[in-house]
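To keep things clear, I will list the structure first and then write my remarks on it.
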Amino acid sequence: AQSVTQPDIHITVSEGASLELRCNYSYGATPYLFWYVQSPGQGLQLLLKYFSGDTLVQGIKGFEAEFKRSQSSFNLRKPSVHWSDAAEYFCAGSPGGGADGLTFGKGTHLIIQP
Amino acid sequence: GAGVSQSPSNKVTEKGKDVELRCDPISGHTALYWYRQSLGQGLEFLIYFQGNSAPDKSGLPSDRFSAERTGGSVSTLTIQRTQQEDSAVYLCASSFGNPPDTQYFGPGTRLTVL
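Protein sequence lines correspond, in order, to chains A and B.
Under my numbering, the first residue of the first sequence carries the number 387, and numbering increases by one thereafter.
Under my numbering, the first residue of the second sequence carries the number 56, and numbering increases by one thereafter.
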């Protein structure tokens with residue numbers, strides 16, 4: 387079955403420190419992969435996406451993610467977090483072609499320590 | 056330009072009543088999706104429209120749930136005989152193209168069934 391797994395429910399990072407949020411996928415072929423962020427009471431905002439090509443993708447707000455086929459991973463990174471990055475982060479995938487509903491991970495709640 | 060809009064933003068209803076949730080996609084977006092977000096289940100795909108047709112209804116949890124889309128634009132998600140387990144945030148997303156590309160989400164409707 388197709389699935390997206392985010393192993394970390396909560397992550398606490400100090401402001402200014404680097405961040406890596408983990409995402410693993412299970413699909414028969416290379417899926418479309420996405421990272422979304424959700425702030426309290428808000429909808430989902432797209433950070434970045436991977437369809438094909440360059441495995442390192444850049445997104446908004448200084449985020450990047452790397453697609454690693456050998457590890458079935460699509461981890462999200464940021465070199466230096468800001469207090470405003472505190473939010474819920476969701477990794478999502480679809481089998482490809484785009485005409486599919488997204489399968490979401492359970493989310494990682496990011497807490498920023500001053 | 057305007058994003059995806061949903062109404063109402065909050066809905067409180069009594070068990071057994073019917074509810075209608077509305078989604079206005081981004082202008083020109085041909086694909087429309089409904090998702091449900093709840094504490095227990097996370098983010099679940101419900102249904103996908105391409106134009107006015109729904110090629111994928113696989114995520115609808117029961118026959119109490121139905122959705123329609125008219126004029127290739129506005130969509131309504133109807134829940135009949137609501138149950139307490141239907142309490143959740145219902146998110147709508149839209150996307151451009153066939154096959155569609157990235158999904159852009161609305162702010163959601165928070166449904167509470169008493």
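Ideal placement from N, C-alpha and C gives every residue a C-beta, glycine not left out.
A/Gly-491 classed as buried or exposed, judged by whether at least 16 other C-beta atoms fall within 10 angstroms
So A/Gly-491 ends up on the buried side.
With a 10 Å radius around its C-beta and 16 neighbouring C-beta atoms as the bar for buried, classify B/Gln-158 as buried or exposed.
Flag for B/Gln-158 reads buried.
Just checking: is the beta-carbon of B/Leu-76 within a distance shorter than 7 Å of some beta-carbon in chain A?
Interface residue (Cβ-Cβ distance to chain A less than 7 Å): B/Leu-76 is not classified as such.
CB contact check: B/Leu-169 to chain A, cutoff 7 Å
Closer than 7 Å to the CB of B/Leu-169 there is not a single CB belonging to chain A.
Identify, in the order they occur along the chain, each residue of the same chain with its Cβ nearer than 6 Å to the Cβ of A/Gly-448, setting aside the five sequence neighbours on each side.
Beyond the five residues adjoining it in sequence on each side, A/Gly-448 comes within less than 6 Å, by CB distance, of Lys-464 in the same chain, given in chain order.
DSSP has B/Thr-137 in a bridge; who is on the other side?
In DSSP, B/Thr-137 forms no bridge with anything.
Against A/Leu-488, what residues of chain B qualify as contacts under a CB-to-CB distance less than 7 Å, listed in chain order?
Taking a Cβ-Cβ cut-off of 7 Å, the neighbours of A/Leu-488 in chain B comprise Phe-100 and Gln-158, given in sequence order.
Whose CA, out of B/Gln-105, B/Gln-61, B/Val-144 and B/Val-67, lies closest to the CA of B/Gln-96?
Measuring C-alpha to C-alpha distances from B/Gln-96 to each of B/Gln-105, B/Gln-61, B/Val-144 and B/Val-67 identifies B/Val-144 as the nearest.
So B/Asp-73 and B/Thr-164 are in contact, right, with Cβ under 8 Å, and what is the actual spacing, rounded?
B/Asp-73 to B/Thr-164, Cβ: 15 Å. No contact.
Roughly how many whole angstroms lie between the Cα atoms of B/Asn-65 and B/Gln-139?
Taking C-alpha positions only, B/Asn-65 is separated from B/Gln-139 by approximately 15 Å.
When DSSP labels each residue in this structure, what does B/Lys-72 get in the three-state scheme?
Correct three-state label for B/Lys-72: coil.
In the segment 427-461 of chain A, which residues sit with their C-beta less than 7 Å from some C-beta in chain B, listed in chain order?
Residues of the segment 427-461 of chain A with a C-beta atom less than 7 Å from some C-beta of chain B are Gln-428, Gly-429, Leu-430, Leu-432 and Lys-435, listed in chain order.
Under 7 Å, Cβ to Cβ, is there at least one residue of chain B near A/Ser-492?
The sequence given here has Lys at residue 492 of chain A, not Ser. Nearest CB-CB separation between A/Lys-492 and chain B: below the 7 Å threshold.
Between which two residues does the beta strand (DSSP E) carrying B/Ile-102 extend?
Annotation: the continuous beta strand (DSSP E) that includes B/Ile-102 extends over 97-105.
Assign B/Ala-122 to buried or exposed, taking buried as 16 or more other Cβ atoms, counted over all protein chains shown, within 10 Å of its Cβ.
By the neighbour-count rule (16 or more Cβ atoms within 10 Å), B/Ala-122 is buried.
Identity of the residues DSSP links to B/Gly-152 by a beta bridge
Paired residue(s): none; B/Gly-152 is not in a bridge.
Which whole-angstrom value describes the C-beta separation of A/Gly-487 and A/Tyr-475, a residue pair presumed to lie in contact below a C-beta threshold of 8 Å?
The pair is not a contact, with the Cβ atoms about 19 Å apart (cut-off 8 Å).
Please report how far the alpha carbon of A/Gln-392 lies from the alpha carbon of B/Thr-125, in whole angstroms.
Spanning the alpha carbons of A/Gln-392 and B/Thr-125 requires a straight line of approximately 37 Å.
Determine which residues of the segment 96-123 of chain B have a Cβ less than 9 Å from any Cβ of chain A, and write them out in chain order.
Correct list: Gly-97, Leu-98, Glu-99, Phe-100, Leu-101, Ile-102, Tyr-103, Gln-105, Pro-110, Asp-111, Ser-113 and Gly-114.
Could you list the residues in the segment 131-147 of chain B with a C-beta less than 8 Å from some C-beta on chain A, going in chain order?
Among the residues of the segment 131-147 of chain B, those with a Cβ less than 8 Å away from any Cβ of chain A are Leu-146, in the order of the chain.
B/Gln-61: buried (16+ other C-beta within 10 angstroms of its C-beta) or exposed?
Only buried fits B/Gln-61, as 16 or more other CB atoms lie within 10 angstroms of its CB.
Go through the segment 387-464 of chain A residue by residue and report every complete run of the beta strand (DSSP E) that reaches 3 residues or more, in order.
Fully enclosed beta strand (DSSP E) runs of 3 or longer: 389-391, 396-400, 405-407, 410-412, 418-424, 430-436, 442-444, 450-454 and 459-464.
Any idea which residues DSSP pairs A/His-495 with across the strands?
Paired residues: A/His-396 and A/Glu-474.
Opening and closing residue of the beta strand (DSSP E) in which B/Val-168 lies
Counted as a single uninterrupted DSSP element, the beta strand (DSSP E) harbouring B/Val-168 occupies residues 164-168.
Looking at C-alpha atoms only, which residue of B/Ser-93, B/Thr-68 and B/Lys-112 is the closest neighbour of B/Leu-87?
Looking at the Cα atoms, B/Lys-112 is the closest of the given residues.
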